[in-house]
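Asks: The listed protein sequences correspond, in order, to chains A and B. Numbering follows full-length UniProt numbering, in which position 92 of the first sequence is assigned residue number 92; successive positions increment by one, without gaps. Numbering follows full-length UniProt numbering, in which position 182 of the second sequence is assigned residue number 182; successive positions increment by one, without gaps. The beta-carbon is built from N, C-alpha and C at its ideal position, and this holds for glycine as well. My structure is below; once you've seen it, I'll send some questions.
2 protein chains.
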Amino acid sequence: MADTDWPGCGKSLKGVILDMCGVLYDSGEGGGVAITGSIEAVKKLKASDLQLRFCTNETQLNREAFVDKLKRLGFDISVSEVFSPAPAAVAVLKERGFRPHLLVYDGLLPEFDSVDKTNPNCVVIGDAAEKFTYQNLNEAFRVLIGLEKPVLFSLGGGRYYKEGDGLALDVGAYMKALEYACDLKAEVVGKPSPTFFQSVLNDMGLQPHEALMIGDDLVNDVGGAQNCGMKGLQVRTGKYRPSDERHSTVTADGTVDDLAQAVDMILKQRH
Amino acid sequence: MADTDWPGCGKSLKGVILDMCGVLYDSGEGGGVAITGSIEAVKKLKASDLQLRFCTNETQLNREAFVDKLKRLGFDISVSEVFSPAPAAVAVLKERGFRPHLLVYDGLLPEFDSVDKTNPNCVVIGDAAEKFTYQNLNEAFRVLIGLEKPVLFSLGGGRYYKEGDGLALDVGAYMKALEYACDLKAEVVGKPSPTFFQSVLNDMGLQPHEALMIGDDLVNDVGGAQNCGMKGLQVRTGKYRPSDERHSTVTADGTVDDLAQAVDMILKQRH
Numbered sequence: 001m002a003d004t005d006w007p008g009c010g011k012s013l014k015g016v017i018l019d020m021c022g023v024l025y026d027s028g029e030g031g032g033v034a035i036t037g038s039i040e041a042v043k044k045l046k047a048s049d050l051q052l053r054f055c056t057n058e059t060q061l062n063r064e065a066f067v068d069k070l071k072r073l074g075f076d077i078s079v080s081e082v083f084s085p086a087p088a089a090v091a092v093l094k095e096r097g098f099r100p101h102l103l104v105y106d107g108l109l110p111e112f113d114s115v116d117k118t119n120p121n122c123v124v125i126g127d128a129a130e131k132f133t134y135q136n137l138n139e140a141f142r143v144l145i146g147l148e149k150p151v152l153f154s155l156g157g158g159r160y161y162k163e164g165d166g167l168a169l170d171v172g173a174y175m176k177a178l179e180y181a182c183d184l185k186a187e188v189v190g191k192p193s194p195t196f197f198q199s200v201l202n203d204m205g206l207q208p209h210e211a212l213m214i215g216d217d218l219v220n221d222v223g224g225a226q227n228c229g230m231k232g233l234q235v236r237t238g239k240y241r242p243s244d245e246r247h248s249t250v251t252a253d254g255t256v257d258d259l260a261q262a263v264d265m266i267l268k269q270r271h
Numbered sequence: 001m002a003d004t005d006w007p008g009c010g011k012s013l014k015g016v017i018l019d020m021c022g023v024l025y026d027s028g029e030g031g032g033v034a035i036t037g038s039i040e041a042v043k044k045l046k047a048s049d050l051q052l053r054f055c056t057n058e059t060q061l062n063r064e065a066f067v068d069k070l071k072r073l074g075f076d077i078s079v080s081e082v083f084s085p086a087p088a089a090v091a092v093l094k095e096r097g098f099r100p101h102l103l104v105y106d107g108l109l110p111e112f113d114s115v116d117k118t119n120p121n122c123v124v125i126g127d128a129a130e131k132f133t134y135q136n137l138n139e140a141f142r143v144l145i146g147l148e149k150p151v152l153f154s155l156g157g158g159r160y161y162k163e164g165d166g167l168a169l170d171v172g173a174y175m176k177a178l179e180y181a182c183d184l185k186a187e188v189v190g191k192p193s194p195t196f197f198q199s200v201l202n203d204m205g206l207q208p209h210e211a212l213m214i215g216d217d218l219v220n221d222v223g224g225a226q227n228c229g230m231k232g233l234q235v236r237t238g239k240y241r242p243s244d245e246r247h248s249t250v251t252a253d254g255t256v257d258d259l260a261q262a263v264d265m266i267l268k269q270r271h
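What follows is the structure, given as structure tokens:
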């Protein structure tokens, strides 16, 4: 889809939800680097009459540390504007009386401080990178297979992501390994779960058709938002691949070069 | 099914195929331990007019080392009688011009000595246990995702196995992880692949209805053999679970306490 064909929803639009990694910044050594124009684009959105939230499947750091990292890159963001899987999972665990065995990044552990973790009756996995050892994965497997009714929560379900010099397996791959070994279906907390997108809409007090999601992940960002009745815009940064524009099941409502271009188009349509 | 109900195929039977781990021996520290009566049962089969082959998804050792291990436990077995996934995979790789990136136990590597491994155009994974590190799995993933048409061979597709004090994830779990990350379907070499069972039948020169498979794995041994037209008998040793006897899709042609009982019943029916 050519940029100029992008069907504006500018006039009726009341809120914008931004994916973070691949839209605001590219990850990498030392916290990553801001994508050109994205800091200014966030400023423009904040100065407009649109509501703004950030929606990420980031699970390497707790929200405080993650927001600090983005502030250091130059972004004007506060913790209350950021929606990530771990707090959503904590709410589900408490609501349903689950005590998790955790296989997540050490940096994420503080998010689970308030949760009872004794005598686990479920497993929660996030992207754990180097912590996805044979031993740790077996340990999580043994907890699950030892439960009468094994329950697995996965913080996101991504296939892979770009990390420094190459691609790396994301949590979804390990979720599938445990699903197969234990003959179960994991509950994904985070994008593209409709419950997750809905919690962001609830926070803004908006209906789906009043909100636009902007992300670099065609399936999880764009497709997930569309499944909830929102419009979904893909940026050609981050994990974007040209083949996304001829994907078999998901078609973005628009494809733009980067966040800066997206924001300029949105704001232009409103005036 | 009660043991006494076992429908004999004794008179028409011309060959028996035995699974190894969980039927002949239990694995564990120092090479494992023979299951009571199994050494004598193999002797009885060899003294009969029945053909005998061994069919294993063992991929921790090459066949020579594996057979040596069983000889030390007291079994009368030779390499030519043993069918395992690695040699079957080597045949497939050579036939189809594949140069593998290998993620397998070090002990299995000699099986692939004759295969060109430069500039890989496919990935072969076996049960690799401690070698299933985050780094090694990412490396295999990167080879696959970098190929125009990624091809993954899995030496068996087991979910998990018993190892010493507990259960451990088997190769199938890691196969599923790579399948999901790369959006592909792996080719399983070994049980329950029909090609694999057929190669054993070919070696004996028998038709499926003339052969009986005996194993502890209901799906891979019994179900796999039945899918090829053989009878399949399950033993209540190894990874057998009582719930196997009310499985939703696979029903064994008979269930017996152990190999010793199976062999006594087979030989009794022939006289």
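Can you tell me which residues form a DSSP beta bridge with B/Tyr-161?
Replies: B/Ala-168, per the DSSP bridge assignment.
Asks: From A/Ala-225 to A/Pro-194, what does the alpha carbon distance come to, in whole angstroms?
Replies: Between A/Ala-225 and A/Pro-194, the C-alpha separation is close to 8 Å.
Asks: Could you confirm whether any beta carbon from chain A is found closer than 8 Å to the beta carbon of B/Phe-132?
Replies: Chain A contact via Cβ: present.
Asks: List the residues of chain A whose Cβ lies closer than 8 Å to the Cβ of residue 273 of chain B, in chain order.
Replies: Residue 273 of chain B lies beyond the stretch modelled for chain B, which goes from 1 to 271, so this question has no answer here.
Asks: Find the residues of chain B that neighbour A/Phe-141, judging by a C-beta separation of less than 9 Å, and give them in chain order.
Replies: Near A/Phe-141 (Cβ distances below 9 Å), the residues of chain B are Tyr-160, Leu-167, Ala-168, Leu-169 and Ala-173.
Asks: At 3 residues or longer, what runs of the beta strand (DSSP E) sit wholly inside the stretch 81-148 of chain A?
Replies: Here the runs fully enclosed are 100-103 and 122-125.
Asks: So, is the C-beta of A/Thr-251 closer than 8 Å to a C-beta in chain B?
Replies: Closer than 8 Å: no.
Asks: Give a yes or no on whether the C-beta atoms belonging to A/Ala-129 and A/Leu-103 are separated by under 8 Å.
Replies: Against a cut-off of 8 Å, the Cβ pair of A/Leu-103 and A/Ala-129 comes out as no contact.
Asks: Which of the residues in the stretch 107-139 of chain A, read from start to end, lie with their CB under 9 Å from any CB of chain B?
Replies: So the close ones are Ala-128, Ala-129, Glu-130, Lys-131, Phe-132, Thr-133, Tyr-134, Gln-135, Leu-137 and Asn-138.
Asks: Would you mind reading off the limits of the beta strand (DSSP E) that contains A/Ile-17?
Replies: Looking at the DSSP string, the run of the beta strand (DSSP E) that includes A/Ile-17 is 15-18.
Asks: List the residues of chain A whose Cβ lies closer than 8 Å to the Cβ of B/Ala-186, in chain order.
Replies: Per Cβ cutoff of 8 Å: no residues; B/Ala-186 is ~11 Å from chain A at best.
Asks: Excluding sequence positions up to five away, which residues of its chain have a Cβ less than 8 Å from the Cβ of A/Arg-63?
Replies: Val-79, Val-82, Ser-84, Ala-86, Pro-87 and Glu-111.
Asks: Give me the residue from A/Asp-49, A/Gln-51, A/Phe-54 and A/Leu-61 with the minimum Cα distance to A/Gly-31.
Replies: It is A/Leu-61.
Asks: What residues from chain A crowd round B/Tyr-240, counting only those whose CB sits closer than 7 Å?
Replies: By Cβ distance, chain A contributes nothing, its closest Cβ being about 16 Å from B/Tyr-240, past 7 Å.
Asks: Using DSSP's beta-bridge definition, name the partner residues of A/Cys-21.
Replies: A/Cys-21 pairs with A/Tyr-25.
Asks: With A/Leu-40 as the anchor, note down where its alpha helix (DSSP H) starts and where it stops.
Replies: One point to set straight first is that residue 40 of chain A is Glu, not Leu, in the sequence displayed. That run of the alpha helix (DSSP H) goes 38-47.
Asks: At the 8 Å Cβ level, is A/Lys-191 part of the contact set with chain B, yes or no?
Replies: No - not a single Cβ of chain B is within 8 Å of the one on A/Lys-191.
Asks: Looking at the structure shown, is A/Lys-11 part of a helix, part of a strand, or coil, going by DSSP?
Replies: The answer is coil: DSSP assigns A/Lys-11 none of H, G, I, E or B.
Asks: Which bits of chain A does B/Tyr-105 rub up against, with CB to CB less than 9 Å?
Replies: Near B/Tyr-105 there are no residues of chain A at all, since even the closest Cβ is about 12 Å away, more than 9 Å.
Asks: Within a Cβ cutoff of 8 Å, which residues of the same chain sit near B/Lys-46, ignoring the five residues on either side of it in sequence?
Replies: Excluding sequence neighbours, B/Lys-46 sits near Leu-52 and Asp-76.
Asks: Distance cutoff 8 Å, beta carbons only. Does A/Lys-149 sit that close to anything in chain B?
Replies: It does not: the Cβ of A/Lys-149 has no partner Cβ on chain B nearer than 8 Å.
Asks: At a CB-CB cut-off below 8 Å, which residues of chain A make contact with B/Ala-177?
Replies: What B/Ala-177 touches in chain A: Leu-169, Ala-173, Tyr-174, Lys-176 and Ala-177.
Asks: Would you say B/Tyr-25 lies against chain A (beta-carbon separation less than 8 Å)?
Replies: No, its Cβ sits nowhere closer than 8 Å to a Cβ of chain A.
Asks: What in chain A is Cβ-close to B/Ala-181, meaning under 7 Å?
Replies: Near B/Ala-181 (Cβ distances below 7 Å), the residues of chain A are Arg-159, Tyr-160, Leu-169 and Ala-173.
Asks: What residue range is occupied by the uninterrupted alpha helix (DSSP H) comprising A/Gln-269?
Replies: Note, A/Gln-269: alpha helix (DSSP H), 259-269.
Asks: Measuring only the C-alpha atoms, how far is A/Ser-243 from B/Val-151?
Replies: Cα to Cα, A/Ser-243 sits roughly 20 Å from B/Val-151.
Asks: Measure the CB-CB distance between A/Ala-173 and B/Ala-177 and report whether it falls below 8 Å.
Replies: Their beta carbons are under 8 Å apart, which means A/Ala-173 touches B/Ala-177 by this criterion.
Asks: Buried or exposed: which applies to A/Gln-198, given that a residue is buried once 16 or more other Cβ atoms fall within 10 Å of its Cβ?
Replies: Per the 10 Å Cβ criterion, exposed.
Asks: Tell me which residues share the same chain as B/Met-186 and place their Cβ nearer than 6 Å to its Cβ, disregarding the 5 neighbours each side in the sequence.
Replies: For the sequence presented, residue 186 of chain B should be read as Ala rather than Met. The answer, listed in chain order, is Leu-152, Ser-154, Met-175 and Glu-179.
Asks: B/Glu-187 bridges to which residues according to DSSP?
Replies: In the DSSP output, where bridge partners are listed per residue, B/Glu-187 has B/Phe-153.
Asks: Would you tell me roughly how many angstroms separate the C-alpha atoms of B/Val-222 and B/Thr-249, rounded to the nearest one?
Replies: Their Cα atoms are separated by approximately 11 Å.
Asks: Note down, in chain order, each residue of its chain lying with its Cβ closer than 6 Å to the Cβ of B/Leu-169, except the 5 sequence neighbours on either side.
Replies: Here the set comprises Tyr-160.
Asks: Identify the continuous alpha helix (DSSP H) that holds B/Leu-206 and give its terminal residues.
Replies: Element bounds for B/Leu-206: n/a, residue is neither H nor E.
Asks: Quick check on DSSP: helix, strand or coil for residue 277 of chain B?
Replies: Nothing about residue 277 of chain B can be read from this structure; chain B reaches only from 1 to 271.
Asks: Please look up how many angstroms separate the CB atoms of A/Gly-215 and A/Asp-26, rounded, as I've assumed it's under 8 Å.
Replies: Wrong, their Cβ atoms sit about 14 Å apart, outside the cutoff.
Asks: So is B/Val-33 buried or exposed if we call it buried at 16+ other beta carbons inside 10 Å?
Replies: Burial call: exposed.
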